Amino acid sequence: MTQTLYIPQDTAALAMGADTVADAFRIEATRRKLDLHIVRNGSRGLHWLEPLVEVVTPAGRVAYGPVTPQDVASILDAAWAHDATHPLHHGLTEDILFLKKQERLTFARVGVIDPLSITDYEAHGGFEGLRQALAMDPAAIVDAVTESGLRGRGGAAFPTGIKWRTVLQTPAEQKYIVCNADEGDSGTFSDRMLMEGDPCALIEGMTIAGLAVGATRGYIYVRSEYPQAERILAGALRAARAAGWLGNDIQGTGRAFDIELRRGAGAYICGEETSLLESLEGRRGLVRAKPPLPAVRGLFGCPTVINNVISLATVPFILAQGAATYRDFGMGRSRGTLPFQLAGNIRHGGLVEKAFGLTLRELLFDFGGGSRSGRPLKAVQVGGPLGAYLPESQWDTPLDYEAFLTISAMLGHGGVVAFDDTADMAALAEYAMEFCAIESCGKCTPCRIGSIRGTEVIRAIRSGQDRDSRAELLRDLCDTMMAGSLCALGGMTPYPVLSALRHFPEDFGLAAEPALHTV
Amino acid sequence: MDTIQPAIDPTPHDDADPRVQDILARHAGQPGALLPILHDVQDTLGWIPEPAVPQIATALQRSRAEVHGVISFYTHFRTAPPARTQIEVCRAESCQACGGGVLYEHAQTRVAAENAGDVSLAPVYCLGLCAQSPAVMINGRPHAHVTPEKLDALLAAAREA
Chain A
11 MTQTLYIPQD TAALAMGADT VADAFRIEAT RRKLDLHIVR NGSRGLHWLE PLVEVVTPAG
71 RVAYGPVTPQ DVASILDAAW AHDATHPLHH GLTEDILFLK KQERLTFARV GVIDPLSITD
131 YEAHGGFEGL RQALAMDPAA IVDAVTESGL RGRGGAAFPT GIKWRTVLQT PAEQKYIVCN
191 ADEGDSGTFS DRMLMEGDPC ALIEGMTIAG LAVGATRGYI YVRSEYPQAE RILAGALRAA
251 RAAGWLGNDI QGTGRAFDIE LRRGAGAYIC GEETSLLESL EGRRGLVRAK PPLPAVRGLF
311 GCPTVINNVI SLATVPFILA QGAATYRDFG MGRSRGTLPF QLAGNIRHGG LVEKAFGLTL
371 RELLFDFGGG SRSGRPLKAV QVGGPLGAYL PESQWDTPLD YEAFLTISAM LGHGGVVAFD
431 DTADMAALAE YAMEFCAIES CGKCTPCRIG SIRGTEVIRA IRSGQDRDSR AELLRDLCDT
491 MMAGSLCALG GMTPYPVLSA LRHFPEDFGL AAEPALHTV
Chain B
99 MDTIQPAIDP TPHDDADPRV QDILARHAGQ PGALLPILHD VQDTLGWIPE PAVPQIATAL
159 QRSRAEVHGV ISFYTHFRTA PPARTQIEVC RAESCQACGG GVLYEHAQTR VAAENAGDVS
219 LAPVYCLGLC AQSPAVMING RPHAHVTPEK LDALLAAARE A
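Same order as they appear, the protein sequences are chains A and B.
Numbering of the first sequence is given in the numbering used here, commencing with residue 11 and proceeding in unit increments.
Numbering of the second sequence is given in the numbering used here, commencing with residue 99 and proceeding in unit increments.
Structure below.
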């Protein structure tokens, strides 16, 4: 009898030795003359349990983790004897509370299937959305995406359907679909997990986008820090082509679409869409002034849909299950779900896909289990390095794009980084300016020079030089950067800086700010 | 712009590196080929040597300054041979929240004690392992939940490999 095991090949699992664990299982199986079938799946997103090994049983998949090579023999013993007392045994994976409480729409297949098997993908509903799209008018596809309420998951939250409509309505010989897979924000890893765990969903979403706007070529720009995502995507593209899901005649319909995989080169700014386009064209990643919007003049001067990985990978669900099904999740103008990434100093970190509307507190404590260090949590940064630092008084704000704007914060890509009470918020504010200085493309002055001056001013405040007047200078500088920068890097670096200054003035050696001062 | 002039000059220079010439031939006609070419050169040769710059520039009908400008813009591209062991330690917020600063200082001390060319240290801004901080990459392989002790063990293992 063949015994099937799932051992993730997601970077989160590899970084904790998943390959060595897989080798140990193979060696032990040979020794015991066991017929062992190992599937290298994506990650379930329970990152404190990686490598999370799943044993297939008649009742379902049983989870063990975190597994080291030393545990292999005892796990095989326990699995064989259906013994639930093994110290690493967590019961059925589906029943683990962290996972059970989630609403996985975009991530339904991640960690479940073999990412490189088209058969497995189709058996779990894959290509259903594309099948629907192949029979639809382009305008009807765009309508479905618009009705779903899907907004750009990369951070800017621009309505995806509206972007697509602009490209559809701009006449051109050639149009492009570009996937922004340059996930550089600290505290984010949902793009990586999706690409490593269910790459075909991205391929399917891009193909649907191509049909919707009349584009025949797509590019995936994946950052060089993600070699495993690149390897898995390359394999998935080959498999999809071989199975007739990409190419000049998709499933015999005569429709054409293909995707080229491109690697970034370590520039954070290339996550900004116009900078990414410059990079794809073979230039320095300098931000372009807008307008023209990429939807009108994008890659190689042609109308271009440029969307984040999660936005594109969510489209197949919308087409397959209907726009209304997706729109029924969420609150206000934030429809559907967001794959939140719980990171930093947190006990149970990982991926939590939930409908918009839950609170940070629920995420941090109900899912995350509080700090990893055991100390009280002090601040949470939401939305990456350009996101605000939120003190405990704001943790009951619902996770919703608009609700976050009202507290001078942004939800962004859904990354949540927790800090315990040892964090020095003034040091983190200085780092925010320093990061902006390192990663600035240099095109506009507020960002290029402002970030350097900002670093210097915060350093001076921290060393106790003329604190009050320098704090005022810092606020003024932040105002200039917000109003005068060409893109979000310079324009939003003030968010972490001002929020730290406002909510944690004592870390700067300052008295509390007057209540009326807003960011 | 290399997209307007996709034809790649097949004429090799006297001092042209044939490996670079092969790479250029493979990318002939590809729109926006400069980054893929630079990646292939670095993957093949380990770095991007100075003589490759005019070779690439001629093939793409762009100036040497432009090619140099692209290489220097992106931190991933190297213009000198890499150390035998390359360590990248994440300096971003999530890792800072979990002792990444102490880890980086430890790595600095360790690397300072090594011979130049044996071990290199570079900061990196996010490896996408933020639920398992601090994270490092050693010779392209990711490691999570790294402590100074674990880093020492990983370096020892890398030296033996």
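Every residue, glycine too, gets a C-beta built ideally from N, C-alpha and C.
Every value quoted in this text rests on a predicted model; they were computed, and no experiment measured them.
Using a Cβ cut-off of 7 Å (strictly closer), state whether F377 (chain A) contacts chain B. The sequence position of residue 377 (chain A) within the first sequence is 367, counting from 1. It does not; no Cβ of chain B falls within 7 Å.
Using beta-carbon positions only, say whether P152 (chain B) and L24 (chain A) come within less than 7 Å of one another. Here the question's residue 152 (chain B) lines up with position 54 in the second sequence. Here the question's residue 24 (chain A) lines up with position 14 in the first sequence. Going by C-beta atoms, P152 (chain B) is not nearer than 7 Å to L24 (chain A).
* Are the region 364-384 of chain A and the region 211-218 of chain A touching, with three or more C-beta to C-beta distances below 8 Å? -> no
*Along the region 342-374 of chain A, what residues have a CB closer than 9 Å to any CB found in chain B?*
Q351, L352, A353, G354, N355, I356, H358, G359, G360, L361
| message | At 4 residues or longer, what runs of the alpha helix (DSSP H) sit wholly inside the region 258-344 of chain A? | response | Assignment of alpha helix (DSSP H) within the region 258-344 of chain A, counting only whole runs of 4 or more residues, yields 283-290, 319-331, 333-337 in chain order.
What are the residues of the region 130-149 of chain B that lie near chain A, defined by any Cβ-Cβ distance shorter than 8 Å? G130, A131, L132, L133, P134, L136, H137
P302 (chain A) vs A222 (chain A) beta-carbon contact at 7 Å: Taking the first sequence and counting its residues from 1, the one referred to as residue 302 (chain A) is at position 292. Taking the first sequence and counting its residues from 1, the one referred to as residue 222 (chain A) is at position 212. Taking 7 Å as the Cβ cut-off, P302 (chain A) and A222 (chain A) do not qualify as a contacting pair.
**OP:** Give the single residue among A:A133, A:L361, A:D87, A:E138 whose Cα lies nearest to the Cα of L227 (chain B).
**Re:** Indexing the second sequence from 1 puts residue 227 (chain B) at position 129. Nearest of A:A133, A:L361, A:D87, A:E138 to L227 (chain B), Cα basis: A:L361.
For the region 89-101 of chain A against the region 110-125 of chain A, are there 3 or more C-beta pairs whose distance is under 8 Å?
Taking a cut-off of 8 Å for Cβ pairs, the region 89-101 of chain A and the region 110-125 of chain A do not touch, as fewer than three such pairs fall below it.
Quiz prompt | R273 (chain A), buried or exposed, once every other Cβ within 10 Å from all chains shown has been counted against 16 | solution = Reading the first sequence from its first residue, position 263 is the one you call residue 273 (chain A). Looking at its Cβ environment, which holds 16 or more other Cβ atoms inside 10 Å, R273 (chain A) is buried.
Which chain B residues are close to D195 (chain A), counting only those with a beta carbon under 8 Å from its beta carbon?
As a working mapping, residue 195 (chain A) is identified with position 185 in the first sequence. Correct list: C224.
- Message: Using beta carbons (cut-off 7 Å, strictly below), is V168 (chain B) in contact with chain A?
- Response: Taking the second sequence and counting its residues from 1, the one referred to as residue 168 (chain B) is at position 70. Yes, contact with chain A.
Practice problem: Report the residue from A:A419, A:M435, A:G397 whose alpha carbon sits nearest the alpha carbon of L387 (chain A). | Solution: Counted from its first residue, the first sequence places residue 387 (chain A) at position 377. The option with the nearest alpha carbon to L387 (chain A) is A:M435.
Which of helix, strand or coil DSSP assigns to Q128 (chain B): Mapped onto the second sequence, residue 128 (chain B) falls at position 30. The answer is coil: DSSP assigns Q128 (chain B) none of H, G, I, E or B.
Worksheet entry | Within-7 Å CB hit, T173 (chain B) to chain A | Reading the second sequence from its first residue, position 75 is the one you call residue 173 (chain B). For T173 (chain B), the answer is yes, since a Cβ of chain A falls inside 7 Å of its Cβ.
7 Å Cβ cut-off: residues of chain B touching T21 (chain A): As a first step, residue 21 (chain A) must be located in the first sequence, where it is residue number 11. For T21 (chain A), the residues of chain B that pass the 7 Å Cβ criterion are G226, L227, P240, in the order they occur in the chain.
Contacts around A250 (chain A), its chain only, beta-carbon distance under 7 Å, and the 5 residues preceding and following it disregarded: Here residue 250 (chain A) refers to the residue found at position 240 when the first sequence is read from its first residue. So the qualifying residues of the chain are I128, C210, I213, L256.
**Item:** Segment limits, beta strand (DSSP E) that includes S218 (chain B)
**Value:** As a working note, residue 218 (chain B) is residue 120 in the second sequence. Residues 217-222.
So what does N190 (chain A) bridge to, in DSSP terms?
-> As a position in the first sequence, residue 190 (chain A) is number 180, starting the count at 1. The partner list for N190 (chain A) (beta bridge, DSSP) reads A:Y231, A:N318.
message: Would A481 (chain A) and L520 (chain A) qualify as a contact pair, given that the criterion is a beta-carbon distance under 7 Å?
response: By one-based count along the first sequence, residue 481 (chain A) stands at place 471. By one-based count along the first sequence, residue 520 (chain A) stands at place 510. Cβ distance < 7 Å, so A481 (chain A) and L520 (chain A) count as in contact.
- Task: Rounded to whole angstroms, what's the CA-CA distance from P221 (chain B) to L140 (chain A)? Just pull it up for me.
- Result: As a working note, residue 221 (chain B) is residue 123 in the second sequence. As a working note, residue 140 (chain A) is residue 130 in the first sequence. Straight-line Cα distance between these residues: approximately 42 Å.
Query raised in the report: Counting contacts by CB-CB distance shorter than 7 Å, is S234 (chain A) in contact with chain B?
Result: Here residue 234 (chain A) is taken as the residue at index 224 of the first sequence, counted from 1. Answer yes: the Cβ-Cβ gap between S234 (chain A) and chain B drops below 7 Å somewhere.
- Item | Residues within the region 176-194 of chain B neighbouring chain A, beta-carbon criterion of under 9 Å | E186, C188, R189, A190, E191, S192, C193, Q194
Taking its Cβ as the centre, do 16 or more other Cβ atoms sit within 10 Å of D100 (chain B), making it buried, or is it exposed?
Along the second sequence, one-based indexing puts residue 100 (chain B) at 2. Here D100 (chain B) scores only 46 on pLDDT, less than 50, and its place in the model should not be relied on; the value that follows carries that caveat. Looking at its Cβ environment, which holds 16 or more other Cβ atoms inside 10 Å, D100 (chain B) is buried.
Notebook entry, point to check: Using a C-beta cutoff of 7 Å, does A498 (chain A) count as contacting chain B?
Noted result: Here residue 498 (chain A) refers to the residue found at position 488 when the first sequence is read from its first residue. Answer no: the Cβ-Cβ gap between A498 (chain A) and chain B never drops below 7 Å.
Is the beta carbon of A34 (chain A) closer than 7 Å to that of V82 (chain A)? If you number the first sequence from 1, residue 82 (chain A) lands on position 72. If you number the first sequence from 1, residue 34 (chain A) lands on position 24. Cβ atoms of V82 (chain A) and A34 (chain A): closer than 7 Å.
Original post:
Are the beta-carbon atoms belonging to N317 (chain A) and C196 (chain B) less than 7 Å from one another?
Top reply: Stepping through the first sequence from its first residue, residue 317 (chain A) is reached at position 307. Stepping through the second sequence from its first residue, residue 196 (chain B) is reached at position 98. Cβ distance not < 7 Å, so N317 (chain A) and C196 (chain B) don't count as in contact.
Query raised in the report: Going by alpha carbons, who is nearest to H100 (chain A) out of A:P61, A:I123, A:G135?
Result: For the purposes of this step, residue 100 (chain A) is identified with residue 90 of the first sequence, where counting begins at 1. If we check each option's Cα against that of H100 (chain A), A:P61 comes out closest.
- Query: What does Q119 (chain B) touch in chain A if you count any residue whose Cβ is under 9 Å from its own?
  - Reply: Start at 1 with the first residue of the second sequence, and residue 119 (chain B) comes out as number 21. Within chain A, no residue comes near Q119 (chain B); the closest Cβ sits about 19 Å away, beyond 9 Å.
Could you pull the DSSP bridge partners for G70 (chain A) from this structure? Numbered from 1 along the first sequence, position 60 holds the residue referred to as residue 70 (chain A). Per DSSP, A:T67.
*Taking Cβ-Cβ distances shorter than 7 Å, what residues in chain B pair up with R5 (chain A)?*
Chain A is shown only over 11 to 529; residue 5 (chain A) falls outside these bounds and no answer can be derived.
Query raised in the report: Any idea what DSSP makes of K388 (chain A), helix, strand or coil?
Result: Residue 388 (chain A) sits at position 378 when you count from the first residue of the first sequence. It is a strand residue.
Next item on the list: Within its chain, find whatever has a CB closer than 7 Å to the CB of Y278 (chain A); leave out the 5 residues flanking it on each side and keep chain order.
Entry: Locating residue 278 (chain A) in the first sequence gives position 268, where the first residue counts as 1. So the list reads G194, E449, once near-sequence residues are dropped.
Quiz item: So who's on the other strand from Q184 (chain B), going by DSSP bridges?
Solution: Position 86 of the second sequence, counting from 1, holds the residue named residue 184 (chain B). Per DSSP, B:S218.
| said: Based on DSSP bridge pairs, tell me the residues matched to Q351 (chain A). | reply: Here residue 351 (chain A) is taken as the residue at index 341 of the first sequence, counted from 1. Q351 (chain A) has A:L361, A:G425 as its beta-bridge partners, per DSSP.
- [ ] My understanding is that A493 (chain A) touches F429 (chain A), with C-beta atoms under 8 Å, so please give their C-beta distance in whole angstroms.
- [x] Counting from 1 along the first sequence, the entry for residue 493 (chain A) is found at position 483. Counting from 1 along the first sequence, the entry for residue 429 (chain A) is found at position 419. Rounded, the Cβ-Cβ distance is 29 Å, inconsistent with contact.
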